[in-house]
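Reminder that position 530 of the sequence shown reads as 530 in full-length UniProt numbering, one-by-one numbering, no gaps.
Since the structure comes first, as structure tokens, the remarks are kept for the end.
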Amino acid sequence: MTERDGMTPWVIFSLLVTACFCSPCLSIFGGMKNSGVRQAWREKVALCFIILCISAFTGFLTFGFSTITCTRRHLLFPDEILQTYGPQVPGMKVNIVRGKLYNTSDYFSRGLHPPVDPAIITPLYGNDISGFFPPDNKVSGCKFSPKNNGSICTQYHCHTSPASFEALQSLNLNLVVGYTWDNVTNGTNKMFVFNGKVYDITNYLKLSASDRWLGGANVTEWLTSLVGRDATKDIASTIESKDIVKCFNYFLIGQIEGSTFECIINNLVLIIMTTVFTGIMLSKFFLAAIFNWILSWKLGKISKRQRSYDKISHIILLVTCYNEGENSIRTTLDSLAKTDYSVKHKLLFVIADGNITGLGNNRPTPQIIQKLMRPYRSNEPEQPKSYFAIGDGLKQHNMAKVKIGYYEVDDHRVPMVFINKVGTQKERERSKTAGNRGKRDSQLILMKWLSHICYDDNMSPLEFELFVKVYKLTKVTPDKYELVLMVDSDTRVDPDSVSRMVSAMERDPEVMGLCGETKIANKTKNWVTKIQSFESIFGGVTCLPGCFCMYRIKVKAPKDKKFMAPILANPEIISAYSSNTMETLHQKNLLLLGEDRYLTTLMLRKFPTLKMIYVPKAICRTEVPEKFRDLLTQRRRWINSTIHNLMELILVPQLCGKSVSLPLLLIAVTYFLQIFLVAFTKFKLTYVKWMIIFIIATPIWNFVLPLYAFWRFDDISWGSGGDTDGHDNSNERNEGKFDPKVIPVKKWIEWKNLLH
1 MTERDGMTPW VIFSLLVTAC FCSPCLSIFG GMKNSGVRQA WREKVALCFI ILCISAFTGF
61 LTFGFSTITC TRRHLLFPDE ILQTYGPQVP GMKVNIVRGK LYNTSDYFSR GLHPPVDPAI
121 ITPLYGNDIS GFFPPDNKVS GCKFSPKNNG SICTQYHCHT SPASFEALQS LNLNLVVGYT
181 WDNVTNGTNK MFVFNGKVYD ITNYLKLSAS DRWLGGANVT EWLTSLVGRD ATKDIASTIE
241 SKDIVKCFNY FLIGQIEGST FECIINNLVL IIMTTVFTGI MLSKFFLAAI FNWILSWKLG
301 KISKRQRSYD KISHIILLVT CYNEGENSIR TTLDSLAKTD YSVKHKLLFV IADGNITGLG
361 NNRPTPQIIQ KLMRPYRSNE PEQPKSYFAI GDGLKQHNMA KVKIGYYEVD DHRVPMVFIN
421 KVGTQKERER SKTAGNRGKR DSQLILMKWL SHICYDDNMS PLEFELFVKV YKLTKVTPDK
481 YELVLMVDSD TRVDPDSVSR MVSAMERDPE VMGLCGETKI ANKTKNWVTK IQSFESIFGG
541 VTCLPGCFCM YRIKVKAPKD KKFMAPILAN PEIISAYSSN TMETLHQKNL LLLGEDRYLT
601 TLMLRKFPTL KMIYVPKAIC RTEVPEKFRD LLTQRRRWIN STIHNLMELI LVPQLCGKSV
661 SLPLLLIAVT YFLQIFLVAF TKFKLTYVKW MIIFIIATPI WNFVLPLYAF WRFDDISWGS
721 GGDTDGHDNS NERNEGKFDP KVIPVKKWIE WKNLLH
């Protein structure tokens, strides 16, 4: 992740969008004293602006496009006009001018026109008087003019002034004269259709050859060929017709009955959209059915054959802790210890992120963990050891203690390593939460350690201490471990889940990561948990969730099976994941809110040809937020980090209606096909009940939560200020320049020689 250099296009765009909010105003009225905070706010507004534009465009395509391009037309046919507004019918009188109806009787009755002989005007009511109002060639661009305007203009005055046209428009009834296709094809008049409008060239063709003002015989022949049909395509493809088309207003008499060209385009767009999205939903349905019936039983299938000791994969069970209480930690460790995977091949690896006391706890989390484990030896030395942490300035130096022992529950006795991040001496003297660097730092302790072992690279004092104690505890050299299961300290896994996940990894060496199904343990607690329950039914995943996923540490090289190629332990992935550069809002969302998603993104970016899969039979259970405020905070983190991670994945080249009823049909198919999908694949009608609850809560999922998350784009906190008696300072800036030389690094053999 590179540092941002000055005024990038994105910075300039964010400044333009928020140009009306000057920095002094934000500082004084918004309380944003820091320039970085102000820039984060500007980037948040810029992102919200982009999302608003995309949403508006989508809404326009769905509903507004049809309103603008295909407005409903009320057509009146000539016979109907004569019957309603003709000379013999009392009431309002109208006349037709170029296919539109005008209330001319009101005009004459108010005396707005010089006296007109009733014998002249009365017979014309309900008829076309376009001859009184010749088109303005300056407006249309027509280069030709009739040589003789006809008997009406010869006998009476022609209205050609701008004032006359303004007066005419004031009488417009917004009604259009309509014609049927039978009128066009079988009528006595010479008509044709162009772009949904009807043109009558009967009188023009009756003129003598010398009076045909649009051109010679070739033009007349061309016009004659258009009669009786829709000539839109022919006219558009005839280059010579461009000047003549501009004069078509002289012949305009109305519009054709049926859909206009614009309506056809609108319907085509809506049909394509509906087809695409319905196709996606149907594809999901069939793929889900195929997966459920054919593929899912193979994934995670446990082999019944007995295997020798050296054929069983060694795995690490990583549990990261922060401020959890004894019940949560015990539940997780009990479930991991009770899994049916070989005790001799699994290692509990627990990391406490600082000396944190959770709300309601009577002691810090590290003390709770130490009480739960049986030490390897009662007098085992626990000296803090230095390592390179993530953080700013001096916080890049951290220290941790390594304690080894066993976790015992019932008849299970599992080797356990406990790493307690305690901070440097100075940090312990001035902070109640010394050592706290965040979950990402806890993951990186393990990842860096494994990488340095794979490459026989320089180790920090903590990493060598860890190497020695793991070997002492398990009698297995750390390079034997091939898989890492990452579990949060509030998750309970099923007894066979680890075996199923390992089995899926062993069956397909191209799988670099997988996750199981996360079920909700407290789904019936209240309405907040109920609306979340249906999410777990689908079993789909957008990333490998940190609460329950497994990664491959290394894999045998495809060309030479004697060598191992690092996956999770790959230095490029570790380098990007351990970045301390967080100058942009994008970087902060990736590294501070969505570390689990970002790790998945990094692995997909580095190994786009390898797989990440879902194993539905590997099940864990966790508790979801019971308060709506906690749900808002959780989904704010998830939504924001997901958006920013998708922005990263875009850069990976290898990855890759007739009316409003069509959009409504799309929505109906989207949701109610899901009901059928769940009932069809799960064979449990109870899931339909949870789906209905989920649909009822759609406004919360599709409006409230996204809106809250988008407006809090610049909030990179975890929203857990009330969960500890201190505060999480893992993301605070720490002034001071860090000197890497304060942490000695040596190869394993050098540390070993120094130890002896």
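We put the beta carbon where it would ideally sit given N, CA and C, even for glycine.
Nearest-angstrom Cβ-Cβ length linking residue i and residue j, presumed shorter than 8 Å
| i | j | result |
| --- | --- | --- |
| Ser23 | Arg38 | 6 Å |
| Thr320 | Ser460 | About 19 Å; that fails the 8 Å criterion. |
| Gly358 | Gly405 | At roughly 23 Å, the Cβ-Cβ gap does not stay under 8 Å, so Gly358 and Gly405 are not in contact. |
| Val493 | Ser386 | So it is not a contact: roughly 33 Å between Cβ atoms. |
| Leu101 | Leu173 | 5 Å |
| Tyr85 | Val94 | 4 Å |
Residue(s) in a DSSP beta bridge with residue i
| i | result |
| --- | --- |
| Val314 | What sits at residue 314 in the sequence shown is His, not Val. His314 pairs with Tyr481. |
| Gln255 | Gly178, Lys197 |
| Pro566 | Lys554 |
| Ser386 | Met399 |
| Phe548 | Val487 |
| Phe192 | Tyr199 |
| Cys321 | Ala352 |
| Lys746 | Met459 |
| Pro375 | Gly405 |
| Asn172 | Tyr102 |
| Asp230 | Val193 |
| Leu75 | Val176 |
Endpoints, the beta strand (DSSP E) within which residue i is located
| i | result |
| --- | --- |
| Arg621 | 611-622 |
| His452 | It is not in any beta strand (DSSP E) - His452 instead sits in the alpha helix (DSSP H) that spans 439-454. |
| Cys515 | 511-520 |
| Ala352 | 346-352 |
| Thr491 | 491-493 |
| Ile96 | 95-97 |
| Lys100 | 100-102 |
Minimum C-alpha distance to residue i - residue among the options
| i | options | result |
| --- | --- | --- |
| Gly391 | Lys233, Val269, Glu750, Gly435 | Gly435 |
| Leu394 | Phe29, Val742, Val11 | Val742 |
| Lys147 | Lys246, Met92, Thr67, Leu207 | Leu207 |
| residue 821 | Lys469, Arg507, Glu382 | Because the chain here runs from 1 to 756, residue 821 falls outside it and cannot be looked at. |
| Arg229 | Asn195, Val219, Met505 | Asn195 |
| Gly99 | Lys143, Tyr179, Thr84 | Tyr179 |
| Leu466 | His74, Val624, Pro384, Ala504 | Pro384 |
| Phe245 | Ala40, Leu223, Ile265 | For clarity, residue 245 is Val in the given sequence; the question names Phe instead. The candidate whose alpha carbon is nearest that of Val245 is Leu223. |
| Pro135 | Gly126, Thr232, Leu168, Tyr125 | Leu168 |
| Val502 | Pro545, His345, Lys556 | His345 |
| Leu444 | Gln396, Thr477, Lys480 | Gln396 |
| Ile316 | Ile453, Val276, Leu226, Ile553 | Ile553 |
| Met505 | Leu591, Lys301, Lys480, Met564 | Lys301 |
| Leu347 | Leu446, Ala389, Met92, Arg363 | Leu446 |
| Leu333 | Asp410, Pro364, Pro381 | Asp410 |
Residue-chain proximity (residue i, chain C), Cβ-Cβ < 8 Å
| i | result |
| --- | --- |
| Ala19 | Absence of chain C from the displayed structure is noted, only one protein chain being present. |
Range covered by the alpha helix (DSSP H) that runs through residue i
| i | result |
| --- | --- |
| Leu359 | No alpha helix (DSSP H) holds Leu359; DSSP gives it neither H nor E. |
| Asn398 | Where Asn398 is concerned, there is no enclosing alpha helix (DSSP H), although the beta strand (DSSP E) it sits in stretches over 397-409. |
| Pro415 | Where Pro415 is concerned, there is no enclosing alpha helix (DSSP H), although the beta strand (DSSP E) it sits in stretches over 412-421. |
| Tyr250 | First-last for Tyr250: undefined, no H or E at that position. |
| Trp213 | Neither: Trp213 is in no alpha helix (DSSP H) and is coded neither H nor E. |
| Ser66 | 65-69 |
| Ile54 | 35-59 |
| Ala576 | 571-577 |
| Cys25 | 23-28 |
| Phe132 | From DSSP, Phe132 is part of no alpha helix (DSSP H); its letter is neither H nor E. |
| Ala337 | 326-337 |
| Asp739 | Here Asp739 belongs to no alpha helix (DSSP H), and DSSP marks it neither H nor E. |
| Phe13 | 9-17 |
| Met501 | 497-507 |
| Gln425 | 425-430 |
Query raised in the report: Three or more C-beta pairs closer than 8 Å, one from the region 323-332 and one from the region 477-485: is that the case here?
Result: no
Query raised in the report: Do the region 618-625 and the region 506-518 touch if we need at least three Cβ pairs shorter than 8 Å?
Result: The region 618-625 and the region 506-518 touch, with no fewer than 3 CB-CB distances between them shorter than 8 Å.
Query raised in the report: Can you find at least 3 beta carbon pairs, one from the region 246-258 and one from the region 187-204, that sit closer than 8 Å?
Result: yes
Requested in this report: Take every Cβ of the region 569-588, pair it with every Cβ of the region 597-606, and state whether three or more of those distances are shorter than 8 Å.
Outcome: yes
Query raised in the report: Any contact of the region 449-459 with the region 745-754, i.e. 3+ C-beta pairs under 8 Å?
Result: yes
**Report entry** Stretch-stretch touch, CB-based, cutoff 8 Å, three pairs: the region 497-505 with the region 412-429
**Finding:** no
Query raised in the report: Just checking, does the region 118-128 make contact with the region 159-172 on the three C-beta pairs under 8 Å criterion?
Result: no
Query raised in the report: Counting Cβ pairs, one atom from each stretch, are 3 or more of them under 8 Å apart for the region 399-419 and the region 467-478?
Result: yes
Query raised in the report: Counting pairs of Cβ atoms below 8 Å between the region 432-446 and the region 335-354, do you hit three or more?
Result: yes
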